[in-house]
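First up is the structure itself, then whatever we jot down about it.
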Amino acid sequence: MSTGSLHHHIRRMTGRDPHERGRAANTLELLFDLVFVISFAQAANGLANLIHHENLTGGLIGFGFAMFAGVWAWINYSWFSSAFDTDDWLFRAATLLQMVGVVIFAVSIPQMFASLEPDETGRMVLDNTGMVLGYVVMRVAMLIQWLRVAVQNSAMRQTALRYAAALAIAQVGWVVLAFIETTVTTMLVGSLVLYCVELLGPVVAERHGRTPWHAHHIAERYGLLLIIALGEGVVGTEVAVSAALESSGWSPELLVLALAGLTITFSLWWLWFLIPTGEALHARPGRVFAWGYGHIVIYAAIAAIGAGLHVGAYAIEDPEHVASSGALLAIAVPLVIALVGFEIMRSTLIGWAHSRAETGTMTIAVVLIVGAVAITVAGAPFVVGLVIIAVAPAVQIVADELWGHRSRARALERVVG
Numbered sequence: 002m003s004t005g006s007l008h009h010h011i012r013r014m015t016g017r018d019p020h021e022r023g024r025a026a027n028t029l030e031l032l033f034d035l036v037f038v039i040s041f042a043q044a045a046n047g048l049a050n051l052i053h054h055e056n057l058t059g060g061l062i063g064f065g066f067a068m069f070a071g072v073w074a075w076i077n078y079s080w081f082s083s084a085f086d087t088d089d090w091l092f093r094a095a096t097l098l099q100m101v102g103v104v105i106f107a108v109s110i111p112q113m114f115a116s117l118e119p120d121e122t123g124r125m126v127l128d129n130t131g132m133v134l135g136y137v138v139m140r141v142a143m144l145i146q147w148l149r150v151a152v153q154n155s156a157m158r159q160t161a162l163r164y165a166a167a168l169a170i171a172q173v174g175w176v177v178l179a180f181i182e183t184t185v186t187t188m189l190v191g192s193l194v195l196y197c198v199e200l201l202g203p204v205v206a207e208r209h210g211r212t213p214w215h216a217h218h219i220a221e222r223y224g225l226l227l228i229i230a231l232g233e234g235v236v237g238t239e240v241a242v243s244a245a246l247e248s249s250g251w252s253p254e255l256l257v258l259a260l261a262g263l264t265i266t267f268s269l270w271w272l273w274f275l276i277p278t279g280e281a282l283h284a285r286p287g288r289v290f291a292w293g294y295g296h297i298v299i300y301a302a303i304a305a306i307g308a309g310l311h312v313g314a315y316a317i318e319d320p321e322h323v324a325s326s327g328a329l330l331a332i333a334v335p336l337v338i339a340l341v342g343f344e345i346m347r348s349t350l351i352g353w354a355h356s357r358a359e360t361g362t363m364t365i366a367v368v369l370i371v372g373a374v375a376i377t378v379a380g381a382p383f384v385v386g387l388v389i390i391a392v393a394p395a396v397q398i399v400a401d402e403l404w405g406h407r408s409r410a411r412a413l414e415r416v417v418g
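Start counting the sequence shown at 2; every next residue gets the next number (this note's numbering).
Below, the structure written as structure tokens:
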């Protein structure tokens, strides 16, 4: 090993080799991912608390803000790192600055959720100043990185400048929106406009020169964040069950809830990793925006399942104030979104033709989940509906192992060759 490889001196951002063999996530990326555990946990906890306090609208608004901003910042960093990671001291310092922004963002999430509790007049005043501050710190660090590419990489200069322009415009908008006195409705409309600017920036920029991202590396990075999001479901269930144990001790209902949370988590892990995503992305790079952006919804849905399990613990501990049907819906709705999202993402990469069997089994799983909610609304015990919901994705796994894998293999062969 040469001593040069141990020295993190400044290197030009000429771009990584998109066909590099053995490319994998490095330790800095793994450390960066861990910081997002906090924001996922805070968002899920805030959603669960507001649902518990019968403020679903406020919970969804806050959860939407927190999850979009956090996941979008992660996505931007991960794609940039896949294309331009130099692992020099300046790249590491910029990553540290982004991590500082994530921490500021995450610790400000509870304040934002608290502001969504209606006052005596029933009015909500969204206070996301701290979150915007953290988000802007993250994005300014990303802006510095793109400007560095523009200076050091003539071939990618126009692409980098377009990325930087979209970033700068959006951050000015977020700062203005955060510090002006406005209503929640105005905030939502303004945020929608800025979301469009954020999302369209990469689409426009990549038309003028594709960045050299690595398909297998990106697939691994998305899989790692999925595991973090799934881990939030496990942690959320554990925290909720532990709180209930302190007040009332073990019960059959709590045991079922804990097992259901673990079963759902394991099933979602299994279903997401059904196809070799890296090979499919490499074969169909034109599908990356639909696939990459679609995961914003999927990650949010998975984190919301953790919040729903937390609400389920509230329903077991305090059934007089938390309806069992509402608690089951809090688990069922995001689970359905995740299952449908998985199928859409698979079909985006390898085509709809593969999925007659898989779409059919996914539909059966969704029908089971809907049926579980229906019988709970009709008066069945909460744990009965919970067991059905936990089993539903496992049915999809069994069906895939029996016959669905064959059509998927044929579709992959057509795509990858």
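All C-beta atoms, glycine included, are put in the ideal place defined by N, C-alpha and C.
{"Check": "Three Cβ pairs or more, each shorter than 8 Å: is that satisfied between the segment 229 to 245 and the segment 187 to 199?", "Outcome": "no"}
{"Check": "Which complete alpha helix (DSSP H) runs does the segment 225 to 302 hold, if anything under 4 residues is left out?", "Outcome": "253 to 273, 278 to 284"}
{"Check": "Check whether the segment 362 to 369 touches the segment 393 to 401, taking contact to mean three or more Cβ pairs, one atom from each stretch, closer than 8 Å.", "Outcome": "yes"}
{"Check": "Can you tell me where the alpha helix (DSSP H) holding A379 begins and where it ends?", "Outcome": "Note, A379: premise wrong, no alpha helix (DSSP H); not H, not E."}
{"Check": "Give the DSSP-derived three-state secondary structure of P394 in the structure shown.", "Outcome": "helix"}
{"Check": "Between the C-alpha atoms of L178 and A107, what's the straight-line distance to the nearest angstrom?", "Outcome": "19 Å"}
{"Check": "Output needed for Y294: all residues of its chain with C-beta closer than 7 Å, excluding positions within five of it in sequence on either side, in chain order.", "Outcome": "L200"}
{"Check": "Quick check on DSSP: helix, strand or coil for L189?", "Outcome": "helix"}
{"Check": "Going by C-alpha distance, which of D401, L387, E318, I332 is nearest E359?", "Outcome": "D401"}
{"Check": "Taking the alpha-carbon of A49 as reference, which of L330, L98, Y78 has the nearest alpha-carbon?", "Outcome": "L330"}
{"Check": "Give every residue of the same chain whose Cβ lies closer than 7 Å to the Cβ of W175, excluding the five residues on either side of it in the sequence, and list them in chain order.", "Outcome": "V133, Y136, V137, L195"}
{"Check": "Go ahead and label N27 buried or exposed: buried means 16 or more other beta carbons lie within 10 angstroms of its beta carbon, across all protein chains shown.", "Outcome": "exposed"}
{"Check": "Determine the DSSP secondary structure at D401, reduced to helix, strand or coil.", "Outcome": "helix"}
{"Check": "Sorted by chain position, which residues of the same chain lie with C-beta nearer than 8 Å to M2's C-beta, five sequence neighbours on each side aside?", "Outcome": "Bear in mind that the predicted position of M2 carries a pLDDT of just 45, short of 50, making it unreliable; the figure below should be weighed with that in mind. Counting only Cβ-Cβ distances below 8 Å, and skipping sequence neighbours, we find nothing."}
{"Check": "Please list, in chain order, all residues of the same chain as D89 whose beta carbon is under 8 Å from its beta carbon, the five residues on each side excluded.", "Outcome": "H9, H10, I11, R12"}
{"Check": "In the DSSP assignment, find the alpha helix (DSSP H) that holds I170 and state where it starts and stops.", "Outcome": "158 to 180"}
{"Check": "Quick check on the burial criterion: 16 or more other C-beta atoms within 10 angstroms. Buried or exposed for R347?", "Outcome": "buried"}
{"Check": "Output the distance between the C-alpha atoms of L117 and G131, rounded to the nearest integer angstrom.", "Outcome": "14 Å"}
{"Check": "Apart from the five residues just before and just after I297, which ones in its own chain have a Cβ nearer than 6 Å to its Cβ?", "Outcome": "V72"}
{"Check": "From T212 to P253, what distance separates their C-alpha atoms?", "Outcome": "53 Å"}
{"Check": "Give me the Cα-Cα distance between T96 and V204, rounded to the nearest whole angstrom.", "Outcome": "23 Å"}
{"Check": "Judging by CA-CA distance, which residue of I351, M14, L340 is the nearest neighbour of R158?", "Outcome": "M14"}
{"Check": "First and last residue of the alpha helix (DSSP H) that includes T96?", "Outcome": "90 to 108"}
{"Check": "Measuring CA to CA, which of G309, Q99, M188 is closest to H1?", "Outcome": "No answer is possible for residue 1: it lies beyond the span of the chain, which begins at 2 and ends at 418."}
{"Check": "Mapping the DSSP letters down to three states, classify H54 as helix, strand or coil.", "Outcome": "coil"}
{"Check": "Please classify S155 as buried or exposed, where buried requires at least 16 neighbouring CB atoms within 10 angstroms.", "Outcome": "exposed"}
{"Check": "Taking the alpha-carbon positions, what's the F180 to Q112 distance?", "Outcome": "15 Å"}
{"Check": "Taking buried to mean at least 16 other C-beta atoms within 10 Å of its own C-beta, is A216 buried or exposed?", "Outcome": "buried"}
{"Check": "Taking the alpha-carbon positions, what's the T58 to W271 distance?", "Outcome": "32 Å"}
{"Check": "Taking the straight line between their C-alpha atoms, what separation do you get for H406 and V337?", "Outcome": "21 Å"}
{"Check": "Between the alpha carbons of M188 and I62, how many angstroms are there, rounded?", "Outcome": "11 Å"}
{"Check": "Which of the three DSSP states, helix, strand or coil, is assigned to W214?", "Outcome": "coil"}
{"Check": "In the DSSP assignment, the alpha helix (DSSP H) including A26 goes from what residue to what residue?", "Outcome": "No alpha helix (DSSP H) contains A26, which DSSP labels as neither H nor E."}
{"Check": "Could you give the distance in angstroms between the alpha-carbon of A142 and the alpha-carbon of L168?", "Outcome": "10 Å"}
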